[in-house]
Amino acid sequence: MNMIRKIISGGQTGADRAALDAAIKLSIPHGGWIPKGRLTEAGPLSDEYNLTEMPSSSYPLRTEQNVIDSSGTIIISHGPLSEGSDYTRKMAIKHQRPWLHIDLNQTPAFKAATLIRSWVDENR
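Take any residue in the sequence shown, note its place counting from 1, add 21, and you have its number in the working numbering.
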């Protein structure tokens with residue numbers, strides 16, 4: 022049995038897209054919400070990613086819906102949280118979802134993987 026039932030992502034570049042790519046490669050169900058037009062900061066997202074378009078192009082509404090639909094949120098950064106990632110953290114708090122922030126500038130990759138594994142086990 023997979024320790025992760027589903028990966029939910031907004032499809033942005035970086036960790037969002039990496040999570041979706043890993044889900045596809047490992048046959049883990051994936052989904053999530055994306056702004057109308059399949060908007061990302063790098064242009065429209067390919068249909069190969071099983072994300073549902075929101076009725077609006079609002080990134081904050083997309084973020085909040087993805088948090089609501091998840092059982093927890095992992096935020097990975099290189100340094101302090103960006104405005105968008107901090108909003109995600111705030112939505113996790115608002116909707117009482119567990120969340121984990123890993124700053125890869127402060128946490129080596131192996132340690133980050135260990136922390137994520139422990140966090141997932143604790144928040145199943």
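Idealized CB from N, CA, C, for every residue including glycine.
Next item on the list: Could you round the C-beta distance between residue 29 and residue 52 to whole angstroms and report it? I think they count as a contact, below 8 Å.
Entry: Rounded, the Cβ-Cβ distance is 6 Å, consistent with contact.
Next item on the list: Answer with buried or exposed for residue 64, where buried requires no fewer than 16 other C-beta atoms within 10 angstroms of its C-beta.
Entry: exposed
Check: Can you tell which of 133, 70, 84 and 81 has its C-alpha closest to the C-alpha of residue 99?
Finding: 133
Margin query: Is there a C-beta anywhere in chain D that falls below 8 Å from the one on residue 74?
Written below: Here there is only one protein chain, and chain D is not present.
Note to self: Among the candidates 107, 101, 106 and 118, whose CA atom is the shortest distance from the CA of residue 3?
What the structure shows: As displayed, the chain neither begins before 22 nor continues past 145, which places residue 3 out of reach and without an answer.
Next item on the list: Use the C-beta contact count for residue 75: other C-beta atoms within 10 angstroms, 16 or more gives buried, fewer gives exposed.
Entry: buried
Item checked: Among 89, 125 and 56, nearest to residue 35 - alpha-carbon criterion -> 125
Checklist line | Any non-hydrogen atom of the ligand SAH closer than 7 Å to residue 135 Cβ | finding: In terms of ligand content, the structure shown is empty, and the ligand SAH therefore cannot be addressed.
Note to self: Which of the three DSSP states is assigned to residue 125 in this structure?
What the structure shows: Note: residue 125 maps to coil in three-state DSSP.
Next item on the list: Please state whether DSSP places residue 24 in a helix, a strand or coil.
Entry: coil
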